[in-house]
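Everything on this sheet refers to the single structure shown next.
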Amino acid sequence: MTGMWPSVAEERAMAFSKRAGSWRTVSTTAAIAFFVLTMLAIAAFNWFCDLLTLPNGWATAIVAIALAELLIWRGHLWGTGVEGALWIGGLFAFIFALPSSGKPEAVLTFVAAAAISGWRVRNALFGALAVVLLTVYLMVREWPWSAMLFSVAVAVIALLALIRTWKRPSTETLWNVLAVVMPVAALAGGLQAADLRSDARVVGLFVALAGFALAIGIRKRVRGALVAGVVSIVSAGVAAHDFIPFSTETRLILIGAAALVITGAIARALRGRERGFVLTPTSSTRETLLTVMPALLPTSSAASSPQPVSGGGTFGGAGSSGQF
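Convert by adding 183 to the 1-based position in the sequence shown; the result is the number in my numbering.
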């Protein structure tokens with residue numbers, strides 16, 4: 184299993200360096216650019232196979248996945264955006280080539296493709312996409328209440344998972360993304376359930392979710408939970424649009440003001456903290472930087488001074504001459 188993905192130590196090291204052991208990675212900006220370019224290349228190859236009257240779905244999937252595995256196993260590339268695009272692009276091309284039945288269950292094939300791709304390349308965005316598509320499937324089946332409750336349940340599970348420390352950064356990133364994204368998916372289900380009208384039950388659910396997320400974020404010093412709390416508050420404001428007797432502009436201003444007030448309250452609650460999630464650098468922070476920085480800097484051994492040559496000479500006593 185060593186060649187399938189980096190070890191825990193190598194994955195953690197790649198957060199600080201572009202190379203960890205035999206694995207290589209790139210910056211986030213470069214990974215996004217490579218992902219977009221690779222997806223364009225997959226689309227072009229799929230179109231070329233269609234021109235040659237080849238089974239473009241099968242051909243694109245086989246070539247893309249084989250190339251991705253070659254880059255991972257032989258090239259030891261990880262997190263470059265290329266291998267992830269090859270995996271999810273190849274699977275999506277295969278699904279698009281299948282005959283369409285028009286049934287809602289077709290969404291589940293994209294759920295499976297995103298989940299498999301996310302597991303193989305340990306991409307948190309692919310994993311979150313699979314969960315969001317599962318919410319979309321429930322909405323397409325016209326089960327909006329189930330979609331909303333499912334999204335809220337996933338958000339709660341993600342918030343609880345953020346309390347503990349995960350060994351792999353990719354796993355922790357997945358929980359952070361789910362905690363932030365799923366309230367938005369729940370809002371879509373809630374609006375569909377209420378026919379785009381305000382429902383006190385939906386608003387109350389988002390207020391409770393916001394309080395739960397902010398409590399975890401403040402007490403456990405989890406940034407993702409704090410962001411999820413703010414997103415839940417904004418979602419509650421959007422869900423309560425009929426309860427606010429003001430224009431759309433005024434509503435947005437009030438929601439923004441509420442977000443600022445909550446941010447100020449969080450900053451006040453964290454003021455003076457020197458452990459866990461803090462707002463200002465502390466002495467422990469500086470000590471940590473002084474400890475870590477030498478390990479990241481290149482080192483070179485200093486040239487040692489020549490040692491004196493021992494032996495070979497004798498001297499006589501009382502002023503007699505020496506011999507070598």
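Glycine included, every Cβ here is placed at the ideal spot set by N, Cα and C.
Rounded straight-line distance, which links the Cα of residue 376 to that of residue 432: 25 Å
Specify the secondary structure class of residue 207 as computed by DSSP and reduced to three states. strand
Only counting runs of 3 or more residues, tell me where the beta strand (DSSP E) segments fall wholly within the segment 229 to 260, in order along the chain. none
Would you check if there are 3 or more beta carbon pairs closer than 8 Å linking the segment 293 to 306 to the segment 239 to 247? no
Beta-carbon spacing of residue 252, residue 260 below 8 Å: no
How long is the line joining the alpha carbons of residue 286 and residue 325, rounded to whole angstroms? 13 Å
How would you write the range of the alpha helix (DSSP H) that residue 193 sits in, first residue to last? 191 to 196
Who pairs with residue 202 in a beta bridge, going by DSSP? 207
Run the CB neighbour count on residue 315, radius 10 Å, all protein chains shown included, and call it buried at 16 or more, exposed below. buried
So for residue 334, helix, strand or coil by DSSP? helix
In chain order, what residues of the same chain lie with their CB nearer than 7 Å to the CB of residue 355, ignoring the 5 residues before and after it? 349
Residue environment, residue 443, which counts as buried when at least 16 other CB atoms sit within 10 Å: exposed
Contact under 8 Å by Cβ, residue 305 with residue 381: no
For residue 446, does the three-state DSSP call read helix, strand or coil? helix
I need the DSSP call for residue 425, collapsed to helix, strand or coil. helix
Taking residue 400 and residue 412 to be in contact with their CB atoms under 8 Å, please state how far apart those CB atoms are, rounded to whole angstroms. 6 Å
For residue 410, does the three-state DSSP call read helix, strand or coil? helix
Inspect the beta-carbon positions of residue 320 and residue 291 and report whether they are closer than 8 Å. yes
I believe residue 269 touches residue 211 by the beta-carbon criterion, under 8 Å. Please report the beta-carbon distance rounded to the nearest angstrom. Residue 269 to residue 211, Cβ: 18 Å. No contact.
Nearest residue (CA-CA) to residue 313, options 409, 344, 342, 271: 271
Over what stretch of residues does the alpha helix (DSSP H) that includes residue 303 continue unbroken? 289 to 304
Proximity winner among 357, 373, 258, 318, relative to residue 294 (alpha-carbon distances): 318
DSSP three-state call for residue 380: helix, strand or coil? coil
Range of the contiguous alpha helix (DSSP H) that encloses residue 278: 265 to 279
Could you confirm whether any beta carbon from chain D is found closer than 8 Å to the beta carbon of residue 332? No chain D appears in this structure, which consists of one protein chain only.
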